[in-house]
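If you read the sequence shown in our numbering, its first letter stands for residue 42, the second for the next number, and so on.
Where a beta carbon is used, it is the ideal one built from N, C-alpha and C, also for glycine.
Quick caveat: nothing in here was measured; it's all calculated off a predicted structure.
This report refers to the structure that appears directly beneath it.
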Amino acid sequence: MNTTALNSEIEVLFKAGAHIGYGKERRHPKMKPFIFGVRNNIEIFDLEKTLAKLKESEEFVKSLGAGGKIVLFVGTKPASSSQIESVGKRLGMPYVSERWLGGTITNFKVIESRLIYLDGLEREANSGELEKYVKKERLDKMAEIRKLSRMLGGIRSLKRLPDAIFIVDPMEEKTAFSEARRKNLPIVALLNTDCNPEGISHPIPANDNSAAVVSIVLERIAAAYEKGKNEKAAASTQ
Numbered sequence: 042m043n044t045t046a047l048n049s050e051i052e053v054l055f056k057a058g059a060h061i062g063y064g065k066e067r068r069h070p071k072m073k074p075f076i077f078g079v080r081n082n083i084e085i086f087d088l089e090k091t092l093a094k095l096k097e098s099e100e101f102v103k104s105l106g107a108g109g110k111i112v113l114f115v116g117t118k119p120a121s122s123s124q125i126e127s128v129g130k131r132l133g134m135p136y137v138s139e140r141w142l143g144g145t146i147t148n149f150k151v152i153e154s155r156l157i158y159l160d161g162l163e164r165e166a167n168s169g170e171l172e173k174y175v176k177k178e179r180l181d182k183m184a185e186i187r188k189l190s191r192m193l194g195g196i197r198s199l200k201r202l203p204d205a206i207f208i209v210d211p212m213e214e215k216t217a218f219s220e221a222r223r224k225n226l227p228i229v230a231l232l233n234t235d236c237n238p239e240g241i242s243h244p245i246p247a248n249d250n251s252a253a254v255v256s257i258v259l260e261r262i263a264a265a266y267e268k269g270k271n272e273k274a275a276a277s278t279q
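Structure, rendered in structure tokens:
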């Protein structure tokens, strides 16, 4: 890539505020290689390194797309919640944009049983079978459907463990991060200066509190998955 194009990509990240980390006192020691310097006690990311890591992550996610792999997208902070949901739906991938349910990865059989139960409740509701219950029981079951749909909606398509996980802010999503590590899942993560990058196979060091930064990163990750998927499909028709 030529210097002009590289500088243009860095400028996009800079304008979104990707360079802004936390105060120096919050920095995790292992994030030091990604930090350019300090300004007004706020640590500044080296955006050349951020971009390099983003490109590495794109290549990995592209390979997942080519292989038709399942990527679980996780981000529950206000800066990421709606965008995680949007990307999950766009790619047809499972996502968690509200609260992480403990055991989603490490105790998947329990989660799977709840998904099957929800499917059964919805079949009853759609077929009119709920009419056989008294009014209070019907209302209770409809309330249960709404609750389970809210809790499990993003992972309805998850029929087995994912092949990889994408996380916005592993510090915020500690349980999801811990479960992914216990199952040795490849982890792609957008992480700030306070995070420990150890155990993250594809870290993207940048400001994870900025909705604009999350948008840029998610768009590039989603596009990489689609590119891998489309190139694989094109090759199979030749």
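Contact between the stretch 52-64 and the stretch 247-254 is established, with three or more Cβ pairs separated by less than 8 Å. According to the DSSP assignment, R140 belongs to no beta strand (DSSP E), since it is labelled neither H nor E. In its own chain, leaving out the 5 sequence neighbours on each side, no residue places its CB closer than 7 Å to the CB of N225.
A Cβ-Cβ distance of about 6 Å is found for the pair L105 and A205, placing them in contact under the 8 Å criterion.
Around the beta carbon of L259, 16 or more other beta carbons lie within 10 angstroms, which makes this residue buried.
F77 is positioned such that its CB atom lies closer than 8 Å to that of I85. Beta-bridge partners of P238 (DSSP): none assigned. At least 8 Å separates the beta-carbon of Y63 from that of D210. Excluding its 5 nearest sequence neighbours in each direction, I111 has C-beta neighbours in its own chain below 6 Å: P203 and D204, listed in chain order. Collapsing the DSSP output to three states places G161 in a helix.
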